[in-house]
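Convert by adding 1032 to the 1-based position in the first sequence; the result is the number in our numbering. Working notes for the structure below.
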Amino acid sequence: MALTNNQIAALLVEMADLLELEGANRFRVRAYRNAAVTIEELPRPLSELIAEGADLTVLPAIGEDLAETLLEINETGTFTALEELRGSSPATLRDLLQIPGLGPKRVQALYDELGIATLDDLEAALESGSIEPVPGFGAKTVQKLREAVLVGRRKKPRHLRADVEDEALALERFLQGLEGVAQGRVGGSFRRKRETVADFDCVATSDRPAEVIERFVEYDEIQSVVAQGETRATVLLKSGIPVDLRVVAPESWGAALMYFTGSRAHQLALRDIALVRGWKLNEYGLFAGDERLASATEEEVYAAYGMAYVPPELRENRGEIEAARAGALPELIKPDDVRGDLHVTPGSADAIEPLARAAAERGYDYLLIAGRLASKRDAGALRKLAEECARLNEELDGLALFTGVEVEVLEDGAPAVDGDDLDRFDLVIMSLENNYELSRDRQTSRMLRALEHPRCGLLARLTGRIINERDPRDADVARVLEAARDAGCAVELDGDPRRLDLPDRHCQLAREIGVPVALVSRASRPEELERMRYAVDHARRGWLEAGDTLNARPLAELRKALR
DNA sequence: GCCGTTTTCGGCCCGACTGTTTTCAGTCG
């Protein structure tokens, strides 16, 4: 079976690691890493592109050599150059690279001098004190390695953004309140609203950076200070989240905020453009020789490029730079654009009224109440939901309740329950649950079949992912979305921060293909309506404008869409 | 190994911090 894009990318990264250990030309190393990113970001399986006879050298960072390599990988599952390198040193050396403070040079030195090839070897050598005599290693380095080895055995977690939001905002307030600080922000993936966050990248401005750093490391929530200099510090919070702070002069605020908001790929792409024009972009500003072109605000820096301002959520080098240069960035959806929630799940008829009143308080014009229909037995409970909705529609002013039914899609693409039971609802939600391990082809045809059902109005849980727990299922999403468009069916974006399914890339695809996205909270209690916020954040990462969603439509239009 | 408004060679992002060094290499982001 053909390797997945991620598996292929992993081979290229392994190649880069091994070359690096060997001391190979660092640009050659980078070439493999860049190629790995390209393959990872491909919207379709590489094996399909190859089968169609596509010219791989048109892909960014893929030249003649790597195109050949990719063909070889597709054919054999590996490639000669990699196999040769694998034979030259122990595979476990790569594990050592994961330890903070150990890069390729030191790992190779430890292997050459002491034969250290595994984490266990390293731990033993640290115990016995045999490392310190090795050139380049001193007492402090050894001590740091001791600590790092303990931590290094644990996997670096990415936290759900929603889980660390309060902590980030508290940190931001602390930073902004520090004496001597003019401006301060948490940047990084937190500011880009990624669904997960590994650390907090902070930036602040001050005329006296060193003093700010001094005060910053006194923050109550800090467990340890990893590094502290004149303009930056790295600390570990008690919660285990690492924080980087960089302090620059006030005139560099915009450039620094951009730099530390990233993403890396976005920033590198901007730097490439600067290079071509003979400019230089760094955290201090955009420069032409000694002349400062822009730096005080992000808007100013983008304007100096002749680009529209790029919202942080879009800064992933997924086409936003080209769009900004062409003045074709989307006008991203805002929380205020949302006029209703299209999937809430009250546990019983009694739970509807509190949800409805909370929805009205949020200023919604409509709310879609859905119950699950797993077997014929549920029909009675669903009837009660519908009756309660009808009663509340009489009673409530300014809020329209719609009724929906959520049906599981079986392995063959048929709904778990079918027939007249589906006809009484305003919306039939076909939910792709279970069957996560089906092959890509079978998964795809299952979805296509579900979309053929005449009552299918909304396709939910398209990838079935649970962030950090369950990988998204593999399917030809572009084909499924095209079929959804042709069937007049929308796709669901679940605001549950553990799911955020559709993922942002698929939202972007849905927009391009022309499938409306329904933002939903799946709230069963009033306070969970708040999850709509995460759905909107994620929709923005997926390039969605208000008009790309069902939720921004006025009541009359929505009513038409549901029919 | 890639790439081209410096186009088939000669560049390739770059600044901060640390530790061990005696002026800088290694690592990180």
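Using N, Cα and C, we set each Cβ at its ideal position, and we do this for glycine too. From a predicted model like this one, the values you see are computed outputs, not experimental measurements.
* To do: Could you please give me the residues that DSSP links to Asn1232 through a beta bridge?
  => Here residue 1232 is Phe; the residue named in the question, Asn, does not match the sequence. Note: Phe1232 sits in a beta bridge opposite Val1275.
* Contact set for Met1479: own chain, Cβ-Cβ below 8 angstroms, skip 5 residues either direction -> Val1441, Gly1445, Leu1464, Leu1491, Leu1494, Ala1507, Val1512, Ala1515
* Just checking, does the region 1116-1134 make contact with the region 1047-1055 on the three C-beta pairs under 8 angstroms criterion? -> A contact exists between the region 1116-1134 and the region 1047-1055.
* Excluding the 5 residues preceding and the 5 following Leu1125 in the sequence, name in chain order all residues of the same chain whose CB lies nearer than 7 angstroms to its CB. => Leu1053, Val1139, Tyr1143, Ala1149
* Cα separation between Ala1522 and Ser1271? -> 40 angstroms
* DSSP bridge partner residues for His1191 (one or two, in chain order) -> Val1229
* To do: Buried or exposed for Asn1500, please, with buried defined as at least 16 other CB atoms from any protein chain shown within 10 angstroms of its CB.
  => exposed
* Let me know if Asp1429 comes out buried or exposed under the rule of 16 or more other beta-carbons within 10 Å of its beta-carbon. => Flag for Asp1429 reads exposed.
* Asked: Helix or strand or just coil, what does DSSP make of Lys1312?
  -> For Lys1312, the three-state secondary structure derived from DSSP is strand.
* Might you give, ordered along the chain, the residues of its own chain that have their beta carbon closer than 8 angstroms to the beta carbon of Ser1295, omitting 5 neighbours on each side? => Ser1221, Arg1224, Arg1347, Glu1348, Asn1349
* **Sub-9 angstroms separation of Arg1531 and His1375 beta-carbons** => Using a Cβ distance threshold of 9 angstroms, Arg1531 and His1375 do not count as a contacting pair.
* Asked: Under the rule that 16 or more other beta-carbon atoms within 10 Å means buried, what is Ser1471, buried or exposed?
  -> exposed
* Asked: Quick one: is Gln1540 buried, meaning 16 or more other Cβ sit within 10 Å of its Cβ, or exposed?
  -> buried
* Asked: Per DSSP, Arg1347 forms a beta bridge with which residues?
  -> Residue pairing by DSSP places Arg1347 opposite no residue, since no beta bridge is assigned to it.
* To do: Return helix, strand or coil for Thr1329, following the three-state DSSP convention.
  => coil
* To do: Evaluate the contact criterion for the region 1444-1460 versus the region 1399-1408: three or more CB pairs, one atom per stretch, below 8 angstroms.
  => yes
* Three-state secondary structure assigned by DSSP to Asp1373 -> strand
* Asked: Going straight from the alpha carbon of Pro1343 to that of Leu1302, what length do you get?
  -> 14 angstroms
* **Backbone CA spacing between Thr1237 and Arg1309 [nearest angstrom]** => Spanning the alpha carbons of Thr1237 and Arg1309 requires a straight line of approximately 28 angstroms.
* Asked: Quick one: is Arg1609 buried, meaning 16 or more other Cβ sit within 10 Å of its Cβ, or exposed?
  -> Not covered by the structure: residue 1609. The range shown for the chain is 1033 to 1595.
* Comparing alpha-carbon positions, which option in Thr1070, Arg1076, Pro1075 lies nearest Thr1089? -> Checking every option, the nearest Cα to that of Thr1089 belongs to Thr1070.
* To do: Taking only runs that begin and end inside the region 1466-1539, name each unbroken alpha helix (DSSP H) of 4 or more residues, in chain order.
  => 1472-1484, 1509-1519
* Cut-off 7 angstroms between Cβ atoms - residues of its own chain near Val1333, not counting five sequence neighbours on either side -> Gly1286, Ala1287, Met1290, Leu1318, Ala1326, Ser1327
* Scan the region 1370-1420 and note each continuous beta strand (DSSP E) run of 3 residues or more that stays entirely inside, going in chain order. => 1372-1376, 1398-1404
* Whole-Å CB distance - Asp1518 paired with Arg1573, under 8 angstroms assumed -> So it is not a contact: roughly 26 angstroms between Cβ atoms.
* Asked: By how many angstroms is the C-alpha of Arg1217 removed from the C-alpha of Arg1357?
  -> 26 angstroms
* Asked: Do Leu1043 and Thr1112 come within 9 angstroms of each other at the CB atom, strictly closer than that value?
  -> Their beta carbons are not under 9 angstroms apart, which means Thr1112 does not touch Leu1043 by this criterion.
* Asn1037: buried (16+ other C-beta within 10 angstroms of its C-beta) or exposed? -> Asn1037 should be labelled buried.
* Measure how close the beta-carbons of Val1552 and Asp1276 come, nearest whole angstrom, since I'm counting them as under 8 angstroms. => In fact, because the Cβ distance is near 35 angstroms, the residues do not count as touching under 8 angstroms.
* To do: Report all residues from its chain with a CB closer than 6 angstroms to the CB of Thr1392; omit the five preceding and five following residues, and keep chain order.
  => At residue 1392 the sequence reads Ala, which differs from the Thr that was named. Same-chain partners within the cutoff: Leu1431.
* What is the DSSP secondary structure of Leu1201, counted as helix, strand or coil? -> The answer is helix: DSSP assigns Leu1201 an H, G or I state.
* Should Glu1443 be labelled buried (16 or more other beta-carbon atoms within 10 Å of its own) or exposed? -> exposed
* Figure out for me which residue from Leu1587, Gly1379, Leu1102, Pro1092 has the closest Cα to the Cα of Arg1398. => Note on identity: in this sequence residue 1398 is Tyr, with Arg being the wrong assignment. Closest option to Tyr1398, Cα to Cα, is Leu1587.
* Selection from Ala1214, Arg1264, Ala1320, Tyr1251 that minimises the alpha carbon distance to Pro1282 -> Checked all of Ala1214, Arg1264, Ala1320, Tyr1251; the closest Cα to Pro1282 is Ala1214.
* To do: Measure how close the beta-carbons of Leu1146 and Ser1162 come, nearest whole angstrom, since I'm counting them as under 8 angstroms.
  => 6 angstroms
* Asked: Can you list, in chain order, the residues of its chain whose CB lies under 6 angstroms from that of Leu1128, leaving out five sequence neighbours each side?
  -> Leu1134, Val1139
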